[in-house]
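Enquirer: Shown below is the structure under consideration.
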Amino acid sequence: MKDRATRFSVSLPPALQRDLDQMVREKGWQNRSQAIADMIRAQLVEHRQHLGDREIAGSITLVYDHHRPLLQELLTDLQHAHRDVIISSLHCHLDHDHCLEVLAVRGAAREVKALADQLTAAKGVKHGRLTVTGTGADLPA
Ligand code: NI
């Protein structure tokens with residue numbers, strides 16, 4: 008059974024309310040309530056990233072030069088060591104030198120972030136980014 012929505016009032020300066028209404032129109036939200044609910048969910052995801060044991064899901068994106076000595080081996084070793092967190096991976100050969108790797112991850116926030124940091128910090132990785140989302144079950148409708 009779906010929980011009933013509760014109402015609360017929000018006070019905003021007029022200019023902020025105008026900007027909010029404009030963003031609601033531009034982004035195609037149905038109304039302010041839907042917009043604010045989406046923004047709260049986004050902030051919850053962001054906030055929960057900092058909670059160490061909480062389970063999160065997301066993706067780690069890496070761009071690197073595969074000619075860099077030992078880099079490929081290091082990235083593969085790290086991925087094998089964290090195979091419990093990595094649920095899928097995608098490798099694309101971007102050009103003669105560069106590879107794009109996207110890892111889908113799920114696990115304790117602390118472990119996911121540590122893995123992302125290690126991969127991103129590896130010498131020869133030109134760009135790395137962890138994008139965190141919820142696991143679905145942890146986000147109210
Ligand atoms: Ni490649």
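Note that the sequence shown covers residues 8 to 148 in the numbering used here. Positions of the beta carbon are idealized from the N, C-alpha and C atoms, including for glycine. These numbers come from a predicted model, not from an experiment.
For the alpha helix (DSSP H) containing T83, name the first residue and the last one.
Expert: First-last of the alpha helix (DSSP H) with T83: 78-88.
Enquirer: Taking 6 Å as the cut-off, does the CB of H87 come closer than this to any heavy atom belonging to the ligand NI?
Expert: No, the Cβ of H87 stays beyond 6 Å of every heavy atom of the ligand NI.
Enquirer: Quick one: is the Cβ of H73 within less than 6 Å of any heavy atom of the ligand NI?
Expert: H73: yes, Cβ under 6 Å from the ligand NI.
Enquirer: Ignore the nearest five residues each way along the sequence and tell me which others in H74's own chain have a CB closer than 8 Å to its CB.
Expert: Cβ within range, chain order: D104.
Enquirer: Just to check, is the beta-carbon of H103 closer than 6 Å to a non-hydrogen atom of the ligand NI?
Expert: It does not: the Cβ of H103 is nowhere closer than 6 Å to a heavy atom of the ligand NI.
Enquirer: Short of 7 Å in beta carbon distance, which residues of its chain neighbour L126, apart from the five on each side in sequence? Order them along the chain.
Expert: I67, L69, L82, L85, V132, G135, listed in sequence order.
Enquirer: Does the distance between the C-beta of H100 and the nearest non-hydrogen atom of the ligand NI fall short of 6 Å?
Expert: Under cutoff, so the answer is yes.
Enquirer: Can you grab the Cα-Cα spacing for the pair L110 / D124, in whole Å?
Expert: When rounded, the distance between both Cα atoms is 13 Å.
Enquirer: Let me make sure I understand the geometry here. Which of T138, A129, A12, S16 has the alpha-carbon closest to that of D72?
Expert: That would be A129, whose Cα lies nearest to the Cα of D72.
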